[in-house]
Amino acid sequence: MNTVILGLQWGDEGKGKLVALLARDHEIIVRFQGGANAGHTVFIEGQEHVFHLVPSGLHHPEKVGVLGPGVVVDLEVLAQEVEALSRMGRPLEGRLWIDARAHLVMPYHRAEDGWEEELRGGIGSTRRGIGPTYRDLYARFGLRAGDLLHPDTLYRKLKKSLEWNNQVLAARYGKPPFQIQDMMDLLTTWAERFRPMITDTLTLLREWDRRDRAILLEGAQGSLLDIFLGTYPYVTSSHTVVGGALAGLGLPPQRLHRIVGVTKAYTTRVGRGPFPTELHDETGQRLRELGGEYGATTGRPRRCGWLDLVALRYTAWLNGVTELAITKVDVLSGFPEIRVATAYRLKGAETRWFPATLEDLEQAEPVYEELPAWPTPLVDRNTLHPQLEAYLGFLEAHLGMPVRLVSYGPQTHEVVLRSPA
Ligand code: IMP
């Protein structure tokens, strides 16, 4: 049974925590897109730990993992995470593989991402070099992990990549060039360090799948940040939807059995871009404080608002979600009332469909329904409060799919597995 976990909002839905839980039933845990822009928080022996690049499920010492062809790999970040996990008694040698096709984030990509934000305001990027790395990938002169295995051609490829990137740095930002020898030295160090991890992961995957070893695909960011289907241009540079999972790993569609869509009980977003249910008042502030809504990667305060069923209807459908997981229901406990947007008012009419253009999204006014809050998520160890049950039933009726997992706190055990009616 292969499972994918996807965020249905703008990221930060609490996927890390659910990965930690579902990883128990899967042997292999993979990332298929994005890079160190992600921030997946998990608890290891009671201690909070944030993963940016390593599949977060690998904190289970017996699990095997892959960074698939669609991931952009910052080997500097990876080296730090490998070391941190090693110190915690969870070495990754022999159980983490990097696909030879995965592209490398270079220091000049990071620099460009930073300057872009600095000078123009940008889109609120995490400045991890993700956008410039995918840009070079699409321009067909990116450096791939497999290039580290071919030092004879590496220099030639690096030269081409640097020619473009140094011009960008000089012309757009007036910055000095990166020196080819410095970059070559860095790549040589990385090659020595990571050679044993770099391989054609599709051969491994095919063999694992043939033996029915369960694979868990760990999505990063959220569907509304997808480069094609999200709120462009306020999006990330990769495919965060289910199609991205298949292409970014190299898995046939029939081999994906369970599609878990994760949403918070409310909505957040970091960075700029449209957000119809955003709250600029005390309620928004209260959600931020109670939910600890500060970026795991950048520390930025997250924008907060009510749950948006128009957005969820769109992302749950396009991902073919088979079950929903809802997180942070504890944050809404004790609110005097809860609101949920069920439609938008746009150009004098009501719509239940998520608009395609930024202009429409910026004008869309949410139409809310009010529901009673629950004083506490649980009435006993495994029974949800009836008002929380009613809220989940309301979501199920609107989205036409079951809510299976309900997370009511940061610790891995704070989840109720629900059997929908
Ligand atoms: P980038 O992915 O760093 O290029 O940033 C592009 C947009 O995606 C910005 O609005 C970021 O804040 C957002 N973003 C990137 N990664 C995450 C994430 O893991 N959670 C939430 N937002 C993210």
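Residues in the sequence shown are numbered from 272 upward in steps of one, following the working numbering. Backbone N, C-alpha and C define an ideal beta-carbon position, used for all residues, glycine too. These numbers come from a predicted model, not from an experiment.
| field | Top-ranked residue by Cα proximity to S604, from P626, A614, P657 | value | P657
| Name the DSSP bridge partner or partners of S678? | V686
| query | Should T460 be labelled buried (16 or more other beta-carbon atoms within 10 Å of its own) or exposed? | reply | exposed
| request: Would you decide whether R623 is buried or exposed? Buried here means 16 or more other CB atoms lie within 10 Å of its CB. | output: exposed
| Cβ of A309 versus every heavy atom of ligand 1: is any distance shorter than 7 Å? | yes
| Where does F499 land, buried or exposed, given buried means 16+ other C-beta within 10 angstroms? | exposed
| field | Beta-carbon contacts of R529 that lie in its chain and below 6 Å, excluding the five residues immediately before and after | value | T274, T593
| task | Please name the residue or residues paired with R698 in a DSSP beta bridge. | result | Lying before the first or after the last residue shown, residue 698 is absent from the chain, which here runs from 272 to 692.
| query | Is P403 helix, strand or coil by DSSP? | reply | helix
| Got a sec: does ligand 1 put a non-hydrogen atom nearer than 7 Å to the Cβ of Q492? | yes
| task | Express the C-alpha separation of N653 and P646 in angstroms, rounding to a whole number. | result | 16 Å
| query | Taking the DSSP output, what are the residues bridged to R616? | reply | E621, E636
| Using 8 Å as the limit for Cβ to Cβ distance, is H374 near chain B? | The structure shown contains no chain B; it holds only a single protein chain.
| Given I469, which residues of its chain have a CB within under 7 Å of its CB, disregarding the five upstream and five downstream residues? | I369, A371, A416, G417, L419, L420
| query | Out of curiosity, what's the CA-to-CA distance linking L578 and L688? | reply | 21 Å
| field | G514 versus V325, F625, G341, K288, residue with shortest Cα-Cα distance | value | G341
| request: Determine the closest residue to V541 out of V677, A462, G570, with distance taken between C-alpha atoms. | output: G570
| request: Could you spell out the range, first to last residue, of the alpha helix (DSSP H) harbouring R540? | output: From DSSP, R540 is part of no alpha helix (DSSP H) but of the beta strand (DSSP E) over 538 to 540.
| 8 Å Cβ shell around R295 - same chain, five flanking residues per side excluded | H331
| heavy atom of ligand 1 below 7 Å from T538 C-beta | no
| field | beta-carbon I276 near ligand 1 non-hydrogen atom, thresh 7 Å | value | no
| query | Roughly how many whole angstroms lie between the Cα atoms of V344 and R481? | reply | 27 Å
| query | Whose C-beta lies closer than 6 Å to the C-beta of H669 among residues of the same chain, with five residues either side of it excluded? | reply | L580
| field | Per DSSP, the bridge partner or partners of Q318 | value | I315
| request: Taking the CB atoms as reference points, tell me whether T568 and G310 lie closer together than 8 Å. | output: yes
| task | Check whether the Cβ of T312 sits closer than 7 Å to any heavy atom of ligand 1, and report yes or no. | result | no
| said: Is any non-hydrogen atom of ligand 1 found closer than 7 Å to the C-beta of T568, if you look at the structure I gave you? | reply: yes
| query | How big is the Cα-Cα spacing for G385 and P643? | reply | 44 Å
| task | Using only alpha-carbon positions, find the residue among G671, P547, R543 that is nearest to A612. | result | P547
| message | With three or more beta-carbon pairs closer than 8 Å as the criterion, would you say the segment 375 to 393 touches the segment 479 to 495? | response | no
| Taking the DSSP output, what are the residues bridged to L367? | G336
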